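Okay, structure first, notes after.
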Amino acid sequence: MKFTVEYPISAPGYDPALVRPGGMRRVVRAAEEAGFAAVGFTEHPAPSKKWLDAGGHEALDPIAALSYCAAVSERIRLMTHLLVLPYHNPFLLAKSLTTVDLLSEGRLTVVAGAGYLRSEFLTMGVDMAGRNARFDESIEVLRGVWGKVPFDHRGPLFEGRDVAALPAPLTPGGPPIWIGGNSALARRRAARNQGWSPFMTDGELARTARTAAITTVEQLARHVEEVCELAGRAVEVQVRTPAHRYMIDGGSAEEHRDHLGRLAEAGVTSFVVRPPGASVAAAVEALHGYAETFRRG
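Just so you know, we're using the working numbering here: the sequence shown kicks off at 48 and counts up by one.
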């Protein structure tokens, strides 16, 4: 089992030092030193105050944050977890992601989702009703830009002629793309790409995120099997469950270890964890403690 660190600014009252160079450097290097596989940043460029007050969370620009992380780390993978693909022009996005891929020596993983915040779509000037069509065409454009020079594309939403977006990514064909979300559509997309990144949650939170609920490990296992059958191969599966807060909430180490084991048996290859954000020092200490207990234990 691999572990991805969700950068800890998702809870109210986080230490402001976490969004300063020194604090981010300490946390990312601690995650790398402790052997975590990746560090991830989510995307919410323009959430509403109502959403934040109702339990939403603040966010940095993931591409800019990962560019900084590339400069202060050497081995840990850098992950958009997740990038709201319909918010972006895919030609411009391809250039930004290529830049991170190059500057990180090929350590970028793109986890992409279709988005769910209606007010944010409005602010971004994107028709939420068309987000799935925009998502699928954007994937096509990203793959085309990264895989062919020159690249021509004429689709319903985007058009490019004789595009030579050079330099090319260091990773042949571009960074791996994992698909976020729980729906059957997300699983079909995941089978056509390199990975799937669902989250286990109850029905209420799933409705808020406009996706299907996955409430048990057994249900997750059936979906993982489906994705692999559709792909005709094993795929990377990264999951976030309510236990991702273990470093914050505590609990039984044996129960947590059993939970990780059940996930592994279900076909999960990577687990998302969130360290505490009360202080940089607390995050660093928690990362090392968790790794000592679970990653190596």
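Every residue, glycine too, gets a C-beta built ideally from N, C-alpha and C.
Please read all numbers here as calculations on a predicted model, not as lab measurements.
Of the listed residues the options, nearest to residue i (C-alpha basis)
| i | options | result |
| --- | --- | --- |
| T218 | A159, E302, V86, E152 | E152 |
| L107 | A84, Y54, R236 | Y54 |
| A215 | R304, P197, E80 | P197 |
| D296 | I110, H200, V282, P323 | P323 |
| R342 | P289, R190, A325, G308 | G308 |
| G70 | A338, V331, Y337, T340 | V331 |
| F340 | S317, M294, P92, A329 | Before going on, a small fix: residue 340 reads as Thr here, not Phe. Answer by Cα proximity: M294. |
| W98 | T255, M171, D199 | T255 |
| S57 | S185, E187, R292 | R292 |
| V282 | P289, V315, A290, Y337 | V315 |
| L149 | N136, S114, K96 | S114 |
| F168 | H135, A325, D249 | H135 |
Per-residue burial, residue i [other beta carbons within 10 Å of its own, 16 or more giving buried]
| i | result |
| --- | --- |
| R280 | exposed |
| V147 | buried |
| P59 | exposed |
| R287 | buried |
| R208 | exposed |
| S299 | exposed |
| L155 | buried |
| R181 | buried |
| R122 | exposed |
| P133 | buried |
| P109 | buried |
| D62 | buried |
| P222 | buried |
| P245 | buried |
| G191 | buried |
| A211 | exposed |
| L189 | buried |
| A333 | buried |
Range of the contiguous alpha helix (DSSP H) that encloses residue i
| i | result |
| --- | --- |
| R236 | 231-239 |
| G336 | 327-337 |
| A117 | 109-119 |
| H270 | 264-278 |
| A161 | Here A161 belongs to no alpha helix (DSSP H), and DSSP marks it neither H nor E. |
| D305 | 300-312 |
| I186 | 178-194 |
| V52 | Counting along the chain, V52 falls outside any alpha helix (DSSP H), though it belongs to the beta strand (DSSP E) covering 49-53. |
| V74 | 68-80 |
| D296 | 293-296 |
| L99 | 96-100 |
Host beta strand (DSSP E) of residue i (start-end)
| i | result |
| --- | --- |
| D209 | 206-210 |
| F88 | 85-88 |
| D148 | No beta strand (DSSP E) contains D148, which is instead part of the alpha helix (DSSP H) from 137-150. |
| F124 | Per the sequence shown, the amino acid found at residue 124 is Arg instead of Phe. Note, R124: beta strand (DSSP E), 124-131. |
| R201 | 198-201 |
| I226 | 224-227 |
| S244 | 242-244 |
Proximity of residue i and residue j at Cβ, strictly below 7 Å
| i | j | result |
| --- | --- | --- |
| V86 | A78 | yes |
| A368 | A268 | No answer is possible for residue 368: it lies beyond the span of the chain, which begins at 48 and ends at 344. |
| A84 | H335 | no |
| G242 | G160 | no |
| V173 | L129 | no |
| M48 | A311 | yes |
| V284 | V264 | no |
| V75 | C116 | yes |
| R73 | V320 | no |
| I261 | M247 | yes |
| F88 | A118 | no |
| A93 | T145 | no |
| E187 | V131 | no |
CB contact check: residue i to chain E, cutoff 7 Å
| i | result |
| --- | --- |
| T316 | The displayed structure is made up of one protein chain only, and chain E is not part of it. |
Checklist entry - Is it true that the stretch 158-171 meets the stretch 90-110, where meeting means three or more beta-carbon pairs spaced less than 8 Å apart? => result yes
Next on the checklist: I want to know whether the stretch 174-184 touches the stretch 199-207 - three or more CB-CB distances under 8 Å.
Outcome noted: yes
Item to check | At least 3 beta-carbon pairs within less than 8 Å: the stretch 137-147 vs the stretch 223-233 | outcome: no
Checklist entry - Would you call the stretch 265-279 and the stretch 291-304 in contact, with 3 or more CB pairs under 8 Å? => result no
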